[in-house]
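Single-structure report; data block below.
Residue numbers (this note's numbering), protein chains in the order written: chain A, 86 to 350; chain B, 14 to 217.
Quick look at the structure:
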């Protein structure tokens, strides 16, 4: 991209050239929230699986599909597998129809279904939210939320949170390297790593907190509290009627789905 | 008036930083110890130096950020909000001025973070154990010994959460004590965590 193209990119609405990426951030948020919470409220594997599959279909249509499936796979192994094993162990030998036996003790069908409910609730909820966060820039979401009335202080807090997480992680890596250079062991056995936590964590927290005063002055210099209309560097096109319709229809369908799911599943 | 506005801005900047501290502390502490979560250090810290409302906002934002990694965090948001409120209330009582008083508050945070979280998980997860260390090490053995499932889980969660909270409170206390008085005094609840008064001469 030439310098002129870069400058021009801020003179028009931001576009990525992919329908899901370019879906209006607030409409996308409503769509994902409705589906995610339906998984959580209904808590049945059928609903979770449907949402998980939908998130997968959306992912396939975006350039981040590889990263999405890798992340969801890792989260499944780390988060769900352990819980499933714990649940199966607790229900081993319970009365009721047996699905299979392990070490001579029966695993009831009810326990398997309970595990499926849990796994697909997590995967459905996680899948749709992961898809949202992987394809939506926080600054675009905050810009749109500010346009519909969210106070600029609130959007500032959300945006600062994400930038702070990145900068503090970077600082943590630097402090870890510095402490290692001073002879503090930060890798090795569990005891060694536990002993190294405070010398690493402490300087990061203290230095970040004392740096706040400078940031306050910088905010004053940039007239943060000045009253008046705020401008934004990046612009997002307002939501199209079709996007609004999809968001509202999803919300209505999910409310109906929650009621029906609780009654019939 | 000008002083008050400045304090507001400092609080505004403390909130995102505290959320980041929660995230990073969780990353460092939990990956190393597998018992200590550390995801409420920032909440307790801001609650103590900025007040209950900023503390509650930190708690809410922290859980919203963590939803992306663990969806269960969404149902735990009220607990992290409660940590911020309790911490602000305790700071007003002058608890964070001495170490022993701070550490004596562990059961309060442990009850909220352990017992109540156990109850929420129990209700939200279909009345069953969650796959965590508290369930495996304490909850399930107690259940096998004949203790009712809910009680076994709650006791396990409470015990593990007390270990977590004692570390969080200790770190929060040490951070407060390490911060210069001239910095603390500019924060809304700074006067409750330091013995220095705004009109006293402070060494810079």
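C-beta: ideal position from N, C-alpha, C; glycine also. Owing to the predicted nature of the structure, the values given are computational and were not obtained by experimental measurement.
Listed in chain order, the non-local C-beta contacts of residue 162 of chain B below 7 Å within the same chain comprise 156, local neighbours out to five positions each way being set aside. For the options A/205, A/199, A/127 and A/109, the alpha carbon positioned closest to that of residue 346 of chain A is the one of A/127. The shortest C-alpha to C-alpha distance from residue 128 of chain B to any of B/101, B/114 and B/174 is the one to B/174. When Cβ pairs closer than 8 Å are counted between the two stretches, the region 97 to 115 of chain A is seen not to touch the region 169 to 181 of chain A, the count staying below three. Considering only beta carbons, the part of the region 282 to 309 of chain A lying closer than 9 Å to chain B consists of 282, 283, 285, 286, 287, 289, 290, 291, 293, 294, 295, 296, 297, 298, 300, 301, 304, 305 and 309, in chain order. Residue pairing by DSSP places residue 185 of chain A opposite A/192 in a beta bridge.
DSSP places residue 155 of chain A in the uninterrupted alpha helix (DSSP H) bounded by 150 to 160. Taken in chain order, the complete alpha helix (DSSP H) segments of 4 or more residues contained in the region 232 to 268 of chain A are 237 to 266. Put simply, the backbone Cα of residue 59 of chain B is about 7 Å away from that of residue 27 of chain B. At a cut-off of 7 Å between beta-carbon atoms, residue 250 of chain A makes contact with chain B. The C-beta of residue 265 of chain A comes no closer than 7 Å to any C-beta of chain B.
Annotation for residue 311 of chain A: no residue places its beta carbon closer than 7 Å to its own, counting only its chain and skipping 5 residues before and after. For the region 109 to 122 of chain A, no residue has a beta-carbon sitting nearer than 7 Å to a beta-carbon of chain B. Neighbours of residue 161 of chain B across chain A, judged by C-beta separation under 7 Å, do not exist; the nearest C-beta is about 13 Å away. Taking a C-beta distance under 7 Å as the contact criterion, residue 119 of chain B and residue 179 of chain B qualify as a contact pair. Contacts with chain B at 7 Å (Cβ-Cβ) do not include residue 277 of chain A. With a 10 Å radius around the Cβ and a threshold of 16 neighbouring Cβ atoms, residue 103 of chain A comes out exposed.
Of all residues in the region 150 to 168 of chain A, only 160, 164, 165, 166, 167 and 168 come within less than 9 Å of chain B when Cβ atoms are compared, listed by chain position. Between the alpha carbons of residue 314 of chain A and residue 233 of chain A lies a gap of roughly 14 Å. Per DSSP, the unbroken alpha helix (DSSP H) holding residue 284 of chain A starts and ends at 275 to 295. When the alpha-carbon of residue 275 of chain A is set against those of B/22, B/47 and B/37, the nearest one is in B/47. Counting other Cβ atoms within 10 Å of its Cβ, residue 216 of chain A reaches 16 or more and is therefore classed as buried. Residue 153 of chain B reaches chain A at 171, 174 and 175, counting residues in chain order whose Cβ is nearer than 9 Å. Within 7 Å of the CB of residue 254 of chain A, the CB atoms of chain B belong to 37, in sequence order along the chain. DSSP places residue 99 of chain A outside both helix and strand once states are collapsed to three, so it counts as coil. Spatial neighbours of residue 102 of chain B in its own chain (CB-CB distance under 7 Å, excluding positions within 5 residues in sequence) are listed in chain order as 65. Here the region 150 to 169 of chain A does not lie against the region 32 to 40 of chain B, with fewer than 3 beta-carbon pairs under 8 Å apart. Annotation: Cβ neighbours of residue 22 of chain B in chain A (cutoff 8 Å, chain order): 301, 304, 305, 309 and 310. The beta carbon of residue 69 of chain B lies closer than 6 Å to those of 94, 97 and 98 in the same chain, with the five residues before and after it left out. Comparing alpha carbon positions, the residue from A/318, A/267, A/291 and A/337 closest to residue 55 of chain B is A/291. Setting aside the 5 residues that flank it on each side, residue 43 of chain B is surrounded in the same chain by 50, each with a C-beta closer than 6 Å to its C-beta; the list follows chain order.
With respect to the 7 Å criterion, residue 137 of chain A and residue 222 of chain A are not classified as neighbours on the basis of their beta carbons. In this structure, A/226 is the residue among A/226, A/251 and A/250 with its C-alpha nearest to the C-alpha of residue 239 of chain A.
Secondary structure of residue 76 of chain B (DSSP, three-state): helix. The contact set of residue 148 of chain B on chain A, defined by CB atoms closer than 8 Å, consists of 171 in chain order. Chain-ordered, the chain A residues with CB closer than 9 Å to the CB of residue 29 of chain B read 241, 242, 243, 244, 245, 246, 247, 248, 249 and 250.
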